[in-house]
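Position 3 (the sequence shown) corresponds to 6 in the working numbering; numbering is contiguous. The beta-carbon is built from N, C-alpha and C at its ideal position, and this holds for glycine as well.
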Amino acid sequence: MIRRFAALLVLAWALGFVLFSVTLPGPVAGVRTDAVVVPTGARGRIGRGLEVLQAKKARQMLVTGVDREVKLGEFAAEYGVERKRMRCCVTLDYSALDTRGNARAAADWVRANHFRSVRLVTSDWHMRRTAAEFRSALPDDVELVEDAVVSQPSFRILLFEYDKLLVGYLARYWN
């Protein structure tokens with residue numbers, strides 16, 4: 004009986020992993036939000052956030068999880084952001100150390116600025132877990148739009164992220 008249950012769990016995990024891997028979310032077009040939030044990490048995230056800002060699909064942008072060594076001028080030079088746009092529209096958050104910290108920092112920023120809608124920009128493989136953390140941290144009346152950056156994640160990254168997603172769901176279930 005226990006072996007069958009264990010086999011069923013392994014099968015459910017494997018099928019879930021396949022489903023997770025083949026249904027990665029993608030980018031969103033044409034949606035306007037009050038703000039865009041970009042957790043640092045994989046390539047393409049910050050560029051996508053700046054595209055959204057440039058296209059006037061959001062008024063403000065928060066980049067969360069920025070290394071404490073990075074200065075505003077360095078960030079602007081690295082990503083080709085004009086000083087005027089940096090001053091008016093881009094906020095760098097240095098406090099977050101992980102995805103949950105990114106969500107908390109973003110929620111504080113959203114509350115302080117009274118935003119009603121936020122576009123979350125992160126990698127396709129990272130979106131589900133990040134969106135779950137953000138939904139948990141953001142006020143209930145804030146709309147969250149998921150805008151995933153398409154990538155080519157390795158099997159290892161997918162496996163690790165899927166397991167972290169499952170652990171997060173289980174932790175929320177038992178709390």
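Cross-strand partners of residue i (DSSP beta bridge)
i, result
"Ala-38", "Gln-63 and Val-121"
"Glu-149", "Leu-123"
"Val-93", "Met-64"
Same chain, Cβ closer than 8 Å to residue i, neighbours up to 5 away in sequence not counted
i, result
"Met-64", "Ala-38, Val-39, Val-40, Val-41, Gly-52, Leu-53, Val-55, Leu-56, Cys-92, Val-93 and Thr-94"
"Ser-154", "Ala-45, Arg-46, Gly-47, Ser-126, Asp-127 and Trp-128"
"Arg-138", "Leu-147"
"Gly-29", "Asp-127, Ala-151 and Val-153"
Whole-angstrom distance between residue j and residue i, CA atom to CA atom
i, j, result
"Met-4", "Trp-16", "18 Å"
"Ala-115", "Val-13", "44 Å"
"Arg-71", "Tyr-97", "6 Å"
"Ala-79", "Val-66", "12 Å"
"Arg-88", "Ala-108", "21 Å"
"Leu-11", "Pro-142", "37 Å"
"Ala-110", "Arg-159", "30 Å"
"Val-25", "Val-170", "20 Å"
"Arg-86", "Ser-120", "25 Å"
"Val-3", "Leu-22", "Any property of residue 3 remains undetermined from this structure, which presents the chain solely from 4 to 178."
"Arg-90", "Thr-43", "19 Å"
"Ala-9", "Leu-18", "14 Å"
Cβ-based neighbour list, residue i, same chain, cut-off 7 Å, excluding 5 preceding and 5 following
i, result
"Phe-118", "Asp-37, Ala-38 and Val-145"
"Pro-156", "Trp-128"
"Leu-75", "Met-89 and Leu-95"
Cβ distance (whole Å) where residue i is taken to contact residue j below 8 Å
i, j, result
"Phe-20", "Tyr-165", "5 Å"
"Val-34", "Lys-59", "The Cβ separation is near 12 Å, so there is no contact."
Any chain B beta carbon closer than 8 Å to residue i
i, result
"Ser-126", "The chain labelled as chain B is not found in the depicted structure, where only one protein chain is given."
CB of residue i within 8 Å of CB of residue j, strictly
i, j, result
"Arg-131", "Leu-168", "yes"
"Asn-105", "Gly-50", "no"
"Leu-123", "Leu-100", "no"
"Glu-149", "Val-31", "yes"
"Leu-27", "Ala-174", "no"
Contacting residues, own chain, Cβ-Cβ under 6 Å from residue i (five flanking each side not counted)
i, result
"Thr-102", "Thr-133 and Glu-136"
"Trp-112", "Leu-65"
"Trp-177", "none"
"Ala-140", "Ala-106, Arg-107 and Ala-110"
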